[in-house]
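Protein chains in written order, with the numbering used here: chain H, -19 to 334; chain L, 11 to 858.
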């Protein structure tokens, strides 16, 4: 084969290569085609065998031709690949997703509304330096009544119809009068004061039990007890605490009022009312406050000296304030929950709302 | 306590026109909460007092009378047809429903309007009313004919032309009742006198005395020939139980209905009028707050009254016709033969006053609260009397109550009161002297109160005040015996702030005191919080169930009889059998809630609860109350657009793993899951114990079993009516060490290299076992190469690809060196040593 023939063939190969890769759409096919020309056994390599027959003076010319064809093919591949890549990107950007289909997620569970309210109120009092204290749900008559100035036979015991613990099985000897399901969280006051010297600044949220069952009373419910004992603790401080609580919890500037009341373990004792969060003014048809403008939220007062006597505190040196409030009631008032039973049914249609 | 407005008005010197609502507001603000205001006699209207000015027979009906009435002096005459046979002669006063009046009607036909209509040819202008037509009583034997005895003060006066309201109010037909919530420490508020005293103090006015409550029995009612002391003797055996016993004798009382005004007031109090004798004792009790009892003197053997404790086995038939077996603790009133009344609780049947009674022995006594309470509770006999005595009646009110009742009995029953009163007063109630520092009142309330103000306010409550001659801060108060609740300075401070107005207390924030010191460090148990966070993130919703449950539900858990959880703490007085015992595990009540949701068509359920369970210790000792977490899941796991397939064991285990990781952080690897086929409420083939392995870093003495995770046993869930598989767990939070701060581990700077092991092994070899074999084979790896992670990637049992009895498992091992990059060659060598070590431990296993 003459030098010119060889050069001519190489040029023809270049043209054939162009035509061959033009319709290809995958990188793999293009690379395979490239290998059929430039690979060890490719067509260009086959033609290289004829180099030996080319006379010396023509070798340089033919060699350049070989280099050129290699360059042409390499460039054509790069250009083709670039176009292919651009087309792919273009096609990708032409993709359309139905964004109105639902998203994919692991649905989160819901915290019980009572736990939420509990946490929120604990946090509000924590801001004022109150710590959380706890006690058992089954407690002694001493902690639940005696030390709270309600000795056996005291008519105030009728205020809470209490559950008593029965004798052990096989010993049906009636109630063990000494153990009760605590009817209030107040025994935690006693336990705390017996375990530490003043000052005391605690809240004690917890479950309590009373023999009561209607839309606003559940035989089990949740109370939050508060106790502050120090050298100068005043009834006005109690009011300040409730103003703080009500305004933080409802996010509104609502007023608080006291009414005299009686609980054996406080003196003076008060009933705490908050301004109705719904109508604020006592609209006659308000279903929350029934037109009074006020909602009862807590029983409270100044710790009775007799209680201090039971725990060994000096009632001349120290004064204290205490309160107890039902968290269900607070939650019902804020969230418009109409029946206390919803809290304890585990109905997901209720639980998922909060 | 119900308070009748007209009654109260008699006892307070009200200058202005105070309305019942004003009074209610004042009482409520002072702590006597008026819970309801009821109108009496307002369910009819258009009914007026009218005077009969003429009457004649109906021309066409014998039984009807034509009556001419006027309702204004010299007013227009109206002709009314009346069917009653007691139409008074001209001049008599009746209650006339004018045309257009509305009457309450009866339960069947309800309220109706009176129209002008013809009766046997004569037009009747309205109707003359009987008691039952107005809802004032049961009497329908005739029309109401008013008489002087119908009003408390014995003179009807000029009722014509007063107007409907004023006339009916004067008759006591129209009235208002205040329902007042009273407190256990204020027995003085259980009578009109006490409430009147409060109201007067609040308004700063005086109290007045009822005309029925004379200082002396009026002379015209006394029988000088009779002497109480010669007719009755009283002996108190138990001065503790009975501080005082007074007796009077009223002779010749005719038992008859009491007058209309008294009946009206008693009805307003919620008491049914019975006879003058019963009504008077009730009336005086509602007036003074001191219960009374009337005996038929003739049935009191020997005219002797002894107050003593009952003897075992003694019996008494009480007024309600029930024979009571008495116990030695019960205080009884005895006559010469035996018990005739349960002191302060209820009288006896045999000595009851009846129509044949000629002579009444009137008891006005004082009984100690605890004894009355004990007896009343034991016999479940809660009476108006026991309610008062349980709270403590003032012993010094007995004579006034006795005098008032005797006066009324004689007056209304036409009898005479024997001279004198037998008064055994063996334990005197004495006024209590208490000192008050105005500065202390100011400190406790946060309001500046000086001595004069304190004294002025206390004085209104009939508390005698004396200023200390030396200390200008101090008052000495003498508290009347009807206020037995006032014995300490703080009690007086409460009265001061109550009358001053507790609503005037400002809002302040507590100020730190001089003694403020840092408290002991207190750490809050974070476990409940972390638990909730992990479980909510896993898609479970928090629930709360009751602390009690039923024995049936406990039984559904199939515990062995010697298991503590099979013997729950029982309640003595549960409300229902569903709430009869304290829960020993959280799962039963949660399963109950799952069933509740299923019944409403919710099939994908994932609930958890964090709460206490109660495990009995010794009888009479406090039970243990460990805090548990439990969850129940059933239905399908969430997917995208449709569900992600039915839940299985690994969903519940995954939740536990996440919880453990939240609670323990890097220490989570200390938790092991071992198959446990012996958990009675779990499927024997799908349950793992959750074991916390002991190590040196905390005080755990040995391994702790925190609880179990698994498929709920079909027999257990079926007991709750659940017919789809449920998965769940219950763990005690105390089974995990309290979370501490997590220490940072250096972030690796050199890359890791992973290698896989793919083998066929015997199907019965667990992943946990293989994992531990790989871990022990890894000890052959040089120390400077760490085996960072061993994880299973595949567990497949396709019979086409796996030899019989075998399963295919793919494991991956991650290698890393802390200080350098590992080479392929050294990792290959390390991996080969693990793989061959593993196979050497597994006869029959083969590489895949």
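Beta carbons: idealized from backbone N, C-alpha and C, even for Gly. Please read these numbers as outputs of a predicted model, since none were measured by experiment.
Quick check on the burial criterion: 16 or more other C-beta atoms within 10 angstroms. Buried or exposed for residue i?
{"i": "residue 324 of chain H", "result": "buried"}
{"i": "residue 806 of chain L", "result": "exposed"}
{"i": "residue 151 of chain H", "result": "Since pLDDT at residue 151 of chain H reaches only 44, below the 50 mark, its modelled position is unreliable, and the value read off the structure follows with that caveat. Classification of residue 151 of chain H: exposed, given that the 10 Å Cβ count is below 16."}
{"i": "residue 253 of chain L", "result": "buried"}
{"i": "residue 817 of chain L", "result": "buried"}
{"i": "residue 366 of chain L", "result": "exposed"}
{"i": "residue 295 of chain L", "result": "buried"}
{"i": "residue 153 of chain H", "result": "Note that residue 153 of chain H scores a pLDDT of 49, beneath 50, so its modelled location is shaky and nothing firm can be said."}
{"i": "residue 228 of chain L", "result": "exposed"}
{"i": "residue 303 of chain L", "result": "buried"}
{"i": "residue 376 of chain L", "result": "buried"}
{"i": "residue 80 of chain H", "result": "exposed"}
{"i": "residue 830 of chain L", "result": "exposed"}
How about residue i and residue j: do their beta carbons lie closer than 8 Å?
{"i": "residue 30 of chain L", "j": "residue 15 of chain L", "result": "yes"}
{"i": "residue 822 of chain L", "j": "residue 801 of chain L", "result": "yes"}
{"i": "residue 719 of chain L", "j": "residue 666 of chain L", "result": "yes"}
{"i": "residue 837 of chain L", "j": "residue 770 of chain L", "result": "no"}
{"i": "residue 170 of chain H", "j": "residue 145 of chain H", "result": "no"}
{"i": "residue 410 of chain L", "j": "residue 223 of chain L", "result": "yes"}
{"i": "residue 250 of chain H", "j": "residue 238 of chain H", "result": "yes"}
{"i": "residue 519 of chain L", "j": "residue 217 of chain H", "result": "yes"}
{"i": "residue 237 of chain L", "j": "residue 117 of chain L", "result": "no"}
{"i": "residue 503 of chain L", "j": "residue 248 of chain H", "result": "yes"}
{"i": "residue 464 of chain L", "j": "residue 496 of chain L", "result": "no"}
{"i": "residue 229 of chain H", "j": "residue 279 of chain H", "result": "no"}
{"i": "residue 89 of chain H", "j": "residue 546 of chain L", "result": "yes"}
{"i": "residue 676 of chain L", "j": "residue 752 of chain L", "result": "yes"}
{"i": "residue 265 of chain L", "j": "residue 423 of chain L", "result": "yes"}
{"i": "residue 48 of chain L", "j": "residue 187 of chain L", "result": "yes"}
{"i": "residue 563 of chain L", "j": "residue 598 of chain L", "result": "yes"}
Which of helix, strand or coil does DSSP assign to residue i?
{"i": "residue 790 of chain L", "result": "helix"}
{"i": "residue 598 of chain L", "result": "helix"}
{"i": "residue 87 of chain L", "result": "coil"}
{"i": "residue 770 of chain L", "result": "strand"}
{"i": "residue 563 of chain L", "result": "helix"}
{"i": "residue 920 of chain L", "result": "Examination of residue 920 of chain L is not possible in this model, given that chain L is present from 11 through 858 alone."}
{"i": "residue 724 of chain L", "result": "helix"}
{"i": "residue 662 of chain L", "result": "helix"}
{"i": "residue 385 of chain L", "result": "helix"}
{"i": "residue 68 of chain L", "result": "strand"}
{"i": "residue 123 of chain H", "result": "helix"}
{"i": "residue 259 of chain L", "result": "strand"}
Spell out whether any CB of chain C is found under 8 Å from the CB atom of residue i.
{"i": "residue 257 of chain H", "result": "Although the question refers to chain C, the structure presented lacks it and instead comprises the protein chains H and L."}
Selection of the segment 292 to 326 of chain H by Cβ proximity to chain L, strictly under 7 Å
299, 323, 324, 325 and 326
Using a Cβ-Cβ cut-off of less than 8 Å, give me the residues of the segment 291 to 312 of chain L that come near chain H, in sequence order.
none
For the segment 646 to 666 of chain L, enumerate the residues whose C-beta is nearer than 8 Å to any C-beta of chain H, in chain order.
648, 650 and 651
Between the segment 245 to 265 of chain L and the segment 505 to 515 of chain L, can you find at least three pairs of beta-carbon atoms closer than 8 Å?
In this structure the segment 505 to 515 of chain L does not touch the segment 245 to 265 of chain L; the number of beta carbon pairs closer than 8 Å is below three.
Name the residues in the segment 426 to 458 of chain L whose C-beta lies less than 8 Å from a C-beta of chain H; which are they?
453, 454, 455, 456 and 457
The segment 208 to 219 of chain H: which residues have C-beta closer than 7 Å to a C-beta of chain L, in chain order?
Of all residues in the segment 208 to 219 of chain H, 208, 210, 211, 212, 213, 214, 215, 216, 217 and 219 have a Cβ within less than 7 Å of some Cβ in chain L.
Would the segment 204 to 216 of chain H and the segment 287 to 301 of chain H be scored as touching if the rule is three or more Cβ pairs under 8 Å?
yes
Under 8 Å: do the segment 584 to 600 of chain L and the segment 549 to 568 of chain L share three or more Cβ pairs, one atom per stretch?
yes
Could you name the residues of the segment 549 to 564 of chain L whose beta carbon sits closer than 8 Å to any beta carbon of chain H, in the order they occur along the chain?
549, 550, 551, 552, 553, 554, 555, 556, 557 and 558
Using a Cβ-Cβ cut-off of less than 9 Å, list which residues of the segment 102 to 124 of chain H approach chain L; keep chain order.
Cβ contacts with chain L come from 108, 109, 111, 112, 113, 114, 116, 117, 118, 119 and 120.
Specify whether the segment 376 to 387 of chain L and the segment 268 to 281 of chain L touch according to this definition: at least 3 beta carbon pairs, one from each stretch, less than 8 Å apart.
no
Please list, in chain order, the residues of the segment 182 to 202 of chain H that have any C-beta partner in chain L closer than 9 Å.
Those residues of the segment 182 to 202 of chain H that come within reach of chain L (Cβ to Cβ, closer than 9 Å) are 187, 189, 191, 192, 193, 198, 199, 200 and 202.
Would you call the segment 41 to 56 of chain L and the segment 188 to 197 of chain L in contact, with 3 or more CB pairs under 8 Å?
Touching, yes, given that three or more Cβ pairs across the two stretches are closer than 8 Å.
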